[in-house]
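Residue numbers (the working numbering): 56 to 403. Where a beta carbon is used, it is the ideal one built from N, C-alpha and C, also for glycine. Following: one structure in C-alpha cells, then a few remarks.
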Amino acid sequence: MNVCRRKLLTGGLIAGGAIAVATIGGVKVSYRAKKNNHQSSVVNSESKYRPRYLDLEASGELAKREAALWDMYAPCTLCPRMCGVNRRAGRGGKCRFANSFRVASFGPDFGNEAPIRGTVGSGSVFLSGCNLKCIFCQNWQINHRGDGQYTTHEQLADMLISMQNMGCHNVSFITPTHLLPHLITGLRLAIARGLNIPLCYNTGGYESLKAVKLLDGIVDIYQPDFKFQDAEIGARLMQGAMDYPRHARAAIKEMHRQVGNLTMDENGLATHGVVIRHLVLPENAGGADKLVKWIVKNFGPEQHVNIMGQFWPAYRSRYYPPLNRALTRAEYTQAMDWARAAGLRNFL
Numbered sequence: 056m057n058v059c060r061r062k063l064l065t066g067g068l069i070a071g072g073a074i075a076v077a078t079i080g081g082v083k084v085s086y087r088a089k090k091n092n093h094q095s096s097v098v099n100s101e102s103k104y105r106p107r108y109l110d111l112e113a114s115g116e117l118a119k120r121e122a123a124l125w126d127m128y129a130p131c132t133l134c135p136r137m138c139g140v141n142r143r144a145g146r147g148g149k150c151r152f153a154n155s156f157r158v159a160s161f162g163p164d165f166g167n168e169a170p171i172r173g174t175v176g177s178g179s180v181f182l183s184g185c186n187l188k189c190i191f192c193q194n195w196q197i198n199h200r201g202d203g204q205y206t207t208h209e210q211l212a213d214m215l216i217s218m219q220n221m222g223c224h225n226v227s228f229i230t231p232t233h234l235l236p237h238l239i240t241g242l243r244l245a246i247a248r249g250l251n252i253p254l255c256y257n258t259g260g261y262e263s264l265k266a267v268k269l270l271d272g273i274v275d276i277y278q279p280d281f282k283f284q285d286a287e288i289g290a291r292l293m294q295g296a297m298d299y300p301r302h303a304r305a306a307i308k309e310m311h312r313q314v315g316n317l318t319m320d321e322n323g324l325a326t327h328g329v330v331i332r333h334l335v336l337p338e339n340a341g342g343a344d345k346l347v348k349w350i351v352k353n354f355g356p357e358q359h360v361n362i363m364g365q366f367w368p369a370y371r372s373r374y375y376p377p378l379n380r381a382l383t384r385a386e387y388t389q390a391m392d393w394a395r396a397a398g399l400r401n402f403l
C-alpha cells in the first residue's frame, strides 16, 4: 500500500528507526532517525544536480521573490481563501496563523515516495496549521489544532542545515502554503550557511497561482495532492473550499511548467519534477476516475502519480458518510484499474 502524504506519530515522523531528540537553535524537536551506512558528505555529493534556488540567490532574484511573498502576507492573499487580513499586525486568517509560525517536527522522513526518500530519507519540516483543514485530516493535531513549537527564521535555517548534515537527500516543507514568506526567509539564511540539496514543496494543492509563480526557480520537487474533482463534495469536506478543483488544476499545471516530469539522477534519486498524489476515498468521493484521465490529457502517461489507499476515518470523518468507514481493498483496486486504463505508467 502506498505511503501517506504526511503522517505523524506522537513525538516524531512516521519513519523507520528510533525516536531521537535534537535541540536546534534552542528548539527541542523530536524526529525519527534511521541508521544508514552513508556519510553525509558522500550522500550529498552523489548527484550532480544543482538546486535552482542557488542561482536565484546569487543573482539577487530570490530576495525579490521573498519580498513579493511578504507583500502577499498583509493583506493576506497567499492562498485562494483570499482572507485579506493583515497577518503582520497579528490577525489570523482561515489558517489561524498570524505573524508567527510553528514547527511540529522535523528530521529524516521515510514516508515519501522511493525516489524522494532514497536510503537516508527526505529532510522534512512538518509545519503547523493548514489552509484547507479537511474533516478527514490524519494530522489534525498539527493541521487543525496547531500543535508545534514557535520557531524563528534562524532556527528554521538550522533545521535545514542539520538535516543536510544528517545526509538527507533533500529538504521538504510540508503543508507550507500559509507560511510561505517565513519559509523563504529561513531558506535564504540556510543558503548562506551552505544548503545545497533539492527543495521539495509538499502541499494539499489549494494554491494561489500568483504564489506558485513566485516559486519558479526556488522549488525543485513539487508534491501536490489533488483531493477532489467535484467542487461541491470538496467544499463540504474542506471548510467551504468550493473552488478547490479549479485552483488545484491551475497550480499543478504551473508546477509542471516549471519543473516537468519527475527526473532522477544516476542513483535513482529525484532531482526535480512533479509527483501528483491522490488519496482514494470511500465510494470514490475524490473522483479518482476523472483525475487519472485529466492527468494523462494534460501531462501524458509518463507523469508520476502516487495513488494512496490508506484512508481511514480520522478526525471528524465519522460525521460525514461515506467517510465514516475505511477504504476497502476493492475500492483501491478499482482506482488503480482506472489509472492503468487511462494509460498511466509511473506509479510511486
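From this set, the options, which residue's C-alpha is nearest residue i's C-alpha?
i: A144; options: M293, Y128, R136 and A296; result: Y128
i: W393; options: S372, Q365 and P356; result: P356
i: E121; options: G222, S217, K282 and L244; result: L244
i: A113; options: C185, I273, T383 and L238; result: I273
i: A369; options: A169, Q358, M363 and A381; result: A381
i: R151; options: V314, R136, F402 and R395; result: R136
i: Q284; options: Y387, N316 and Y299; result: Y299
i: V6; options: Y375, I229, G259 and F281; result: Only positions 56 to 403 of the chain appear in this structure, which leaves residue 6 out of reach.
i: H237; options: L403, L124 and Y387; result: L124
i: G259; options: L269, L250, K268 and Y277; result: Y277
i: L269; options: L111, F161 and G328; result: L111
i: K345; options: R312, M391 and P377; result: M391
i: P376; options: V180, A340 and Y205; result: A340
For the alpha helix (DSSP H) containing residue i, list its first residue and its last residue.
i: G241; result: L235 to A247
i: A396; result: R384 to A397
i: L111; result: R107 to S114
i: L264; result: L264 to L269
i: Q289; result: The question names Gln, yet the displayed sequence has Gly at residue 289. Residues A286 to L292.
i: P170; result: A169 to R172
In terms of residue numbering, what span does the beta strand (DSSP E) encompassing residue i cover?
i: G178; result: S177 to L182
i: P300; result: Premise fails: P300 lies in the alpha helix (DSSP H), Y299 to V314, not in any beta strand (DSSP E).
i: I276; result: I276 to P279
i: D164; result: R157 to D164
i: A153; result: Taken as a continuous stretch (DSSP letters only), A153 belongs to no beta strand (DSSP E), as it is neither H nor E.
i: V335; result: First-last for V335: undefined, no H or E at that position.
i: L254; result: L254 to T258
Can you tell me the Cα-Cα spacing of residue i and residue j, whole angstroms?
i: A77; j: V158; result: Note that A77 scores 49 on pLDDT, short of 50, meaning its location in the model is unreliable; the coordinates nonetheless yield the value given after this. Roughly 13 angstroms separates the two Cα atoms.
i: A118; j: I246; result: 12 angstroms
i: N353; j: K308; result: 8 angstroms
i: A385; j: G342; result: 15 angstroms
i: L234; j: P279; result: 16 angstroms
i: L133; j: A266; result: 6 angstroms
i: V175; j: P163; result: 7 angstroms
i: M221; j: L109; result: 20 angstroms
i: I362; j: Q389; result: 11 angstroms
i: S183; j: L399; result: 34 angstroms
i: R332; j: R291; result: 21 angstroms
i: D320; j: D271; result: 21 angstroms
i: C185; j: V335; result: 20 angstroms
i: C255; j: V314; result: 11 angstroms
i: P231; j: E262; result: 10 angstroms
i: G115; j: M293; result: 38 angstroms
i: F156; j: L403; result: 31 angstroms
i: L187; j: Y104; result: 33 angstroms
i: P337; j: S160; result: 30 angstroms
i: W367; j: L378; result: 8 angstroms
i: R395; j: N401; result: 10 angstroms
i: I288; j: I229; result: 24 angstroms
i: Q204; j: N257; result: 20 angstroms
i: L250; j: V180; result: 15 angstroms
Taking 7 angstroms as the limit between beta carbons, can you name the residues of its chain near residue i, skipping five residues before and five after?
i: A397; result: V347, K348 and V351
i: Q196; result: D202
i: R248; result: A212 and I216
i: A153; result: R142, G145, R146 and G147
i: C131; result: C138, G139, V140, R142 and G148
i: V97; result: Annotation note: pLDDT 35 at V97 (below 50); position unreliable, coordinate value reported separately. None.
i: M323; result: At residue 323 the sequence reads Gly, which differs from the Met that was named. P170, listed in sequence order.
i: H311; result: V329 and F354
i: T240; result: E121 and H208
i: T206; result: V82, F156, R157 and V158
CB-CB under 6 angstroms to residue i, same chain, minus the five flanking residues each way: which ones, in chain order?
i: R371; result: I190
i: G80; result: No answer about G80 holds up, because its pLDDT of 42 lies below 50 and its placement is not dependable.
i: I171; result: S177 and A325
i: G387; result: Rather than Gly, the amino acid found at residue 387 in this sequence is Tyr. Closer than 6 angstroms at the Cβ level, and outside the excluded window around Y387, lie V335 and G364.
i: M297; result: A286 and A290
Using a Cβ-Cβ cut-off of 8 angstroms (strictly less than) and excluding sequence neighbours within five positions of residue i, which residues of its own chain qualify?
i: I252; result: N99, P106, G178, Q219, C223, H224, N225 and V226
i: L264; result: H302, A305, A306 and E309
i: C192; result: C185, N198, H199, A369 and Y370
i: T383; result: P337
i: T318; result: A325, T326, H327 and G328
So that I know if they touch, is there some Cβ in chain B lying closer than 7 angstroms to that of residue i?
i: A381; result: Included in the structure is just one protein chain, with no chain B present.
(message) List, from N- to C-terminal side, the alpha helix (DSSP H) runs of 4 residues or more that fit wholly inside the stretch 188-243.
(response) You should have 195-198 and 208-221.
(request) Return the chain-ordered ranges of every beta strand (DSSP E) run that is complete within the stretch 338-365 and spans a minimum of 3 residues. (result) 359-363
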